[in-house]
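Asker:
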Amino acid sequence: MSSSTIESILQEKRTFPPSPEFSQNAKISSMEAYQQLYDRAAADPESFWEELAETELHWFQKWDTVLDWQPPVAQWFVGGKLNISYNCLDRHLTTWRKNKAALIWEGEPGDSRTLTYAQLHREVCQMANVLKQLGAQKGDRVGIYMPMIPEAAIAMLACARIGAVHSVVFGGFSADALRQRLQDGEVKLVITADGGWRKDNIVHLKDEVDKALVEGVPTVTNVLVVKRTGQDIHMEAGRDVWWHELQPTVSADCPAEPMDSEDLLFILYTSGSTGKPKGVVHTTGGYNLYTHVTTQWTFDLKDTDVYWCTADVGWITGHSYIVYGPLSNGATSLMYEGAPRPSNPGCFWDVVEKYGVTIFYTAPTAIRAFMKAGDQLPKARDLSSLRLLGTVGEPINPEAWMWYHQVIGGERCPIVDTWWQTETGGFMITPLPGATPTKPGSATRPFPGIIAEVVDLDGNPVGVNEGGYLTIKYPWPSMMRTVYGDFDRFRRSYWEHIPPKDGQYFYFAGDGARQDEDGYFWVMGRVDDVISVAGHRLGTMEIESALVSHPAVAEAAVVGKPDELKGEEVVAFVSLEGEYTPSEELAKELKKHVVEEIGAIARPGEIRFSDDLPKTRSGKIMRRLLRNLAAGEEITGDTSTLQDRSVLDKLRGGA
Ligand code: WT7
22 MSSSTIESIL QEKRTFPPSP EFSQNAKISS MEAYQQLYDR AAADPESFWE
72 ELAETELHWF QKWDTVLDWQ PPVAQWFVGG KLNISYNCLD RHLTTWRKNK
122 AALIWEGEPG DSRTLTYAQL HREVCQMANV LKQLGAQKGD RVGIYMPMIP
172 EAAIAMLACA RIGAVHSVVF GGFSADALRQ RLQDGEVKLV ITADGGWRKD
222 NIVHLKDEVD KALVEGVPTV TNVLVVKRTG QDIHMEAGRD VWWHELQPTV
272 SADCPAEPMD SEDLLFILYT SGSTGKPKGV VHTTGGYNLY THVTTQWTFD
322 LKDTDVYWCT ADVGWITGHS YIVYGPLSNG ATSLMYEGAP RPSNPGCFWD
372 VVEKYGVTIF YTAPTAIRAF MKAGDQLPKA RDLSSLRLLG TVGEPINPEA
422 WMWYHQVIGG ERCPIVDTWW QTETGGFMIT PLPGATPTKP GSATRPFPGI
472 IAEVVDLDGN PVGVNEGGYL TIKYPWPSMM RTVYGDFDRF RRSYWEHIPP
522 KDGQYFYFAG DGARQDEDGY FWVMGRVDDV ISVAGHRLGT MEIESALVSH
572 PAVAEAAVVG KPDELKGEEV VAFVSLEGEY TPSEELAKEL KKHVVEEIGA
622 IARPGEIRFS DDLPKTRSGK IMRRLLRNLA AGEEITGDTS TLQDRSVLDK
672 LRGGA
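Here it is in structure tokens:
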């Protein structure tokens, strides 16, 4: 064990093969079939992707070169011309899918809307014409700051249609965060709504836009406002215009602009742990292809599916797997405004029942919240339409996986645990549900065409079950191309942690992992969060999983606290299931439980009980802040992405 690797202490042995019925009907129906695809792609990735680009997408003009790889710069389908909005809309209109539901939308107050491919196409063309009228041209950046309503997807597709680059900012971000992102992208137009619904409340989106613009984003000339809630808002004369007033005045005909494969499609900001957010840049051809193929294979998509991804369009998951991937495949994608809320904590299960959802894709943090809310909520609904479940966002602890499998999936639905990142654009490590036997907590095997390896800091592969740095060794079509306006930061952030060796470049974006004897990948969390106890480097995920496997624990986050003797000591922040209360005895019991589950090395020195944990707005626990708290320090670094500031105050008060 070298000092540049991470020790693995948790062993999860359960295995769940897909049912014969599921496999029989699946597109990729056995591990042999997966292995064949994988081997073929590994032997000649370019011809593998080229063939898929030919069969799966429409191109206005064919490419000259499949891949131009000048590390760390990759260009895919060089010279090819296409438009992703054409692939998501126009090409379906000449088939029976013309009148198929493209988007099914359910609003939080219970209103709903269904848009067929023909209807969606019409609205996208209209919005594209409005954008043109407001002066947007190919290459201009357009900010999108929207609630989860169909117009959010319409806005993205309208930008793509005319070649404008969209920059979606999550509607839960504050005016400051919005301003920072609009400035960095030198955005020309902003598309927003008066407000939106979230957890029984109105979110005041337009007010936030006004605040963001008042201190000046000089590049913004217009704000296009969609009426959603009908609340009173300020409309700045000469700057702000209503969508519902302009929509009837424009033509519903707007041909899709032929774009170069490498033309920018969008910028999406991801917060680094320190410093200003990075504008992750994705381009057109490779992104269209990769999100298309991964959606089709990983969700084993059928024309009869009602597919629901619960993410927000403000995250990459919403871009790739609510909008572009599903629509490019002609699927029915369900969009839901809001979140499980006090007035109806079972609302997600109502939606599944109401629309007969067949594929459900969500995050571990949501699954743990569902668990905490109790089995009676899903059990009171008919969830028998579900045939496939998915998870993304962080390592899923086996306890939550088992609950998802049993209570939501009725033990019949495979679970696809998809490991990927804003930067990767699409799924990197994931089961193919008709083929891959799953293990709770493992994202299993790489998607065909992805060469993943766990290495030490010198780029040498580590041994079986040894933890290290999760890297990708060959370019893939939807990889990020740069950090917007800062190529040097791109190089430093992703390509230099593991230095290139003999011409081999390693893409590394911060996760620790191990590979087991079956070649399955187990993501162990961010390497920035690794805890070093008496010379043992421990990932956070495994200790947290051990804690959550105790019946009293709903959620847990562990961090290291400086310790003179051991280097660091494990401090665990724990929120309890409803029927339990914090006590000395329970703290003792939990420490003992961790020792029994994984050994004395991981024994928490301290357990801190808390009703809630500090999370980003996308639901990730911010361990960096907990580290400050555990060490009794001031909170340092950026906290603008924090979901609920009051959580920190409560924790500081020593809950
Ligand atoms: C980070 C990327 C990708 C869409 C949502 C998050 C963690 C994501 C998994 C998974 C273990 C996961 C990683 C990754 N992560 N999915 N299935 N198993 N960890 O996108 O905000 O760019 O975050 O999320 O740490 O690096 P993101």
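Numbering (the numbering used here) for the sequence shown: 22 to 676. All residues carry an ideal CB built from backbone N, CA and C; glycine is no exception. All of these numbers come straight from a predicted model, not from anything done at the bench.
Please report the distance separating the alpha-carbon of residue 415 from that of residue 634.
Answerer: Sequence index remark: in the sequence shown, residue 415 carries index 394 (1-based). Sequence index remark: in the sequence shown, residue 634 carries index 613 (1-based). Annotation: residue 415 to residue 634 spans about 15 Å, alpha carbon to alpha carbon.
Asker: Are there 16 or more other CB atoms within 10 angstroms of the CB of residue 378, so buried, or fewer, so exposed?
Answerer: Indexing the sequence shown from 1 puts residue 378 at position 357. With a 10 Å radius around the Cβ and a threshold of 16 neighbouring Cβ atoms, residue 378 comes out buried.
Asker: Ignore the nearest five residues each way along the sequence and tell me which others in residue 461's own chain have a CB closer than 7 Å to its CB.
Answerer: Numbered from 1 along the sequence shown, position 440 holds the residue referred to as residue 461. For residue 461, where only same-chain residues beyond five positions count, the Cβ hits under 7 Å are 33, 35, 419, 422, 423.
Asker: Starting from residue 491, trace the beta strand (DSSP E) both ways and give me its first and last residue.
Answerer: Numbered from 1 along the sequence shown, position 470 holds the residue referred to as residue 491. For residue 491, the uninterrupted beta strand (DSSP E) run begins and ends at 489-493, by DSSP.
Asker: Under 6 Å: does the beta carbon of residue 544 sit that close to some heavy atom of the ligand WT7?
Answerer: Translated into positions along the sequence shown, residue 544 becomes position 523. Yes, since a heavy atom of the ligand WT7 falls inside the 6 Å radius drawn around the Cβ of residue 544.
Asker: The alpha helix (DSSP H) that contains residue 515, what's its start and end?
Answerer: Within the sequence shown, numbered from 1, the residue matching residue 515 stands at position 494. Run containing residue 515: 508-516, per the alpha helix (DSSP H) assignment.
Asker: Can you tell me the Cα-Cα spacing of residue 267 and residue 189, whole angstroms?
Answerer: Numbered from its first residue, the sequence shown carries residue 267 at position 246. Numbered from its first residue, the sequence shown carries residue 189 at position 168. So the alpha carbons of these two residues sit roughly 22 Å apart.
Asker: Roughly how far, in whole angstroms, is the beta-carbon of residue 215 from the beta-carbon of residue 251, given that I think they are within contact range, below 8 Å?
Answerer: As a first step, residue 215 must be located in the sequence shown, where it is residue number 194. As a first step, residue 251 must be located in the sequence shown, where it is residue number 230. That belief holds up - the Cβ atoms of residue 215 and residue 251 are roughly 7 Å apart, short of 8 Å.
Asker: What residue range does the beta strand (DSSP E) around residue 449 cover?
Answerer: Residue mapping note: residue 449 aligns to position 428 of the sequence shown, counting from 1. No beta strand (DSSP E) contains residue 449, which DSSP labels as neither H nor E.
Asker: Say whether the region 201-212 touches the region 153-172, bearing in mind that this needs 3 or more beta-carbon pairs closer than 8 Å, one atom from each stretch.
Answerer: yes
Asker: If you draw a straight line from the C-alpha of residue 22 to the C-alpha of residue 438, how long is it?
Answerer: Taking the first residue of the sequence shown as position 1, residue 22 is located at position 1. Taking the first residue of the sequence shown as position 1, residue 438 is located at position 417. Note on residue 22: pLDDT 40, under 50, position unreliable in the model; no value is reported.
Asker: Which residues bound the alpha helix (DSSP H) around residue 394?
Answerer: For the purposes of this step, residue 394 is taken as residue 373 along the sequence shown, with counting starting at 1. 385-394 is the span of the alpha helix (DSSP H), which, as asked, contains residue 394.
Asker: Go ahead and pull the three-state DSSP assignment for residue 628.
Answerer: The count along the sequence shown starts at 1 and reaches residue 628 at position 607. DSSP places residue 628 in strand when its eight states are reduced to three.
Asker: Can the beta-carbon of residue 318 be found closer than 7 Å to that of residue 478?
Answerer: Counting from one through the sequence shown, the residue named residue 318 turns up at place 297. Counting from one through the sequence shown, the residue named residue 478 turns up at place 457. Cβ distance not < 7 Å, so residue 318 and residue 478 don't count as in contact.
Asker: Among 355, 363, 360, 398, whose alpha-carbon lies nearest the alpha-carbon of residue 380?
Answerer: Here residue 380 is taken as the residue at index 359 of the sequence shown, counted from 1. Residue 355 is the option with its Cα nearest to residue 380.
Asker: Beta strand (DSSP E) containing residue 548: first to last residue?
Answerer: The count along the sequence shown starts at 1 and reaches residue 548 at position 527. Here residue 548 belongs to no beta strand (DSSP E), and DSSP marks it neither H nor E.
Asker: Can you say whether residue 548 is buried or exposed, counting buried as having 16 or more other CB atoms within 10 angstroms of its CB?
Answerer: Taking the sequence shown and counting its residues from 1, one reaches residue 548 at position 527. Classification of residue 548: buried, given that the 10 Å Cβ count is 16 or more.
Asker: Using DSSP with H/G/I as helix, E/B as strand and the rest coil, what is residue 52?
Answerer: Taking the first residue of the sequence shown as 1, we reach residue 52 at position 31. Three-state result, residue 52: helix.
Asker: Note down, in chain order, each residue of its chain lying with its Cβ closer than 7 Å to the Cβ of residue 384, except the 5 sequence neighbours on either side.
Answerer: For this step, residue 384 is matched to residue 363 along the sequence shown. Excluding positions up to five away in sequence, the list reads 412, 413, 414, 640.
Asker: Go ahead and label residue 399 buried or exposed: buried means 16 or more other beta carbons lie within 10 angstroms of its beta carbon, across all protein chains shown.
Answerer: Position 378 of the sequence shown holds residue 399. Residue 399 is buried by the Cβ-count criterion.
Asker: Which residue spans inside the region 320-378 form an unbroken beta strand (DSSP E) run of at least 3?
Answerer: 327-330, 353-357
Asker: In this structure, how does DSSP classify residue 592 when only helix, strand and coil are distinguished?
Answerer: Taking the first residue of the sequence shown as position 1, residue 592 is located at position 571. DSSP places residue 592 in strand when its eight states are reduced to three.
Asker: Return the CA-CA distance between residue 122 and residue 602, expressed in angstroms with no decimal places.
Answerer: Here residue 122 refers to the residue found at position 101 of the sequence shown. Here residue 602 refers to the residue found at position 581 of the sequence shown. Between residue 122 and residue 602, the C-alpha separation is close to 48 Å.
Asker: Give, in chain order, every unbroken run of the beta strand (DSSP E) that is at least 3 residues long and sits entirely within the region 521-573.
Answerer: 528-536, 542-547, 552-554, 557-559, all fully within the region 521-573.
Asker: Where does residue 145 fall in DSSP's three states?
Answerer: Counted from its first residue, the sequence shown places residue 145 at position 124. Taken through DSSP and simplified to helix, strand or coil, residue 145 comes out as helix.
Asker: DSSP three-state call for residue 96: helix, strand or coil?
Answerer: Numbered from 1 along the sequence shown, position 75 holds the residue referred to as residue 96. Residue 96: strand per DSSP, three-state reduction.
Asker: Let me know if residue 675 comes out buried or exposed under the rule of 16 or more other beta-carbons within 10 Å of its beta-carbon.
Answerer: One-based indexing of the sequence shown puts residue 675 at position 654. With a pLDDT of 48 at residue 675, under the threshold of 50, the modelled position of that residue is not reliable, and no figure is offered here.
Asker: Could you give the residue range of the beta strand (DSSP E) that holds residue 265?
Answerer: What you label residue 265 is simply residue 244 of the sequence shown in a count that begins at 1. For residue 265, no beta strand (DSSP E) run applies; the uninterrupted alpha helix (DSSP H) run containing it begins and ends at 264-267, by DSSP.
Asker: Helix, strand or coil: how does DSSP classify residue 79 here?
Answerer: Taking the first residue of the sequence shown as 1, we reach residue 79 at position 58. If DSSP states are grouped into helix, strand and coil, residue 79 belongs with coil.
Asker: Just the Cα atoms here: how many angstroms apart are residue 75 and residue 175?
Answerer: Translated into the one-based positions of the sequence shown, residue 75 becomes position 54. Translated into the one-based positions of the sequence shown, residue 175 becomes position 154. The straight-line gap separating the alpha-carbon atoms of residue 75 and residue 175 is approximately 26 Å.
Asker: If we call anything under 7 Å between Cβ atoms a contact, is residue 346 one with residue 312?
Answerer: As a working note, residue 346 is residue 325 in the sequence shown. As a working note, residue 312 is residue 291 in the sequence shown. Closer than 7 Å, so yes.
Asker: Buried or exposed for residue 265, going by 16 or more other Cβ atoms inside 10 Å?
Answerer: For the purposes of this step, residue 265 is taken as the residue at position 244 of the sequence shown. Its Cβ having fewer than 16 others within 10 Å, residue 265 is exposed.
Asker: Quick check: is any heavy atom of the ligand WT7 less than 6 Å from the C-beta of residue 413?
Answerer: Here the question's residue 413 lines up with position 392 in the sequence shown. Indeed, a heavy atom of the ligand WT7 lies less than 6 Å from the Cβ.
Asker: Is the beta carbon of residue 321 closer than 7 Å to that of residue 455?
Answerer: For the purposes of this step, residue 455 is taken as residue 434 along the sequence shown, with counting starting at 1. For the purposes of this step, residue 321 is taken as residue 300 along the sequence shown, with counting starting at 1. For residue 455 and residue 321, yes; Cβs fall inside 7 Å.
Asker: Say the cut is 6 Å; is the CB of residue 333 nearer than that to a heavy atom of the ligand WT7?
Answerer: Counted from its first residue, the sequence shown places residue 333 at position 312. No, Cβ of residue 333 sits at least 6 Å from all heavy atoms of the ligand WT7.
Asker: Got a sec: does the ligand WT7 put a non-hydrogen atom nearer than 6 Å to the Cβ of residue 435?
Answerer: Here the question's residue 435 lines up with position 414 in the sequence shown. Not so, every heavy atom of the ligand WT7 lies at least 6 Å from the Cβ.
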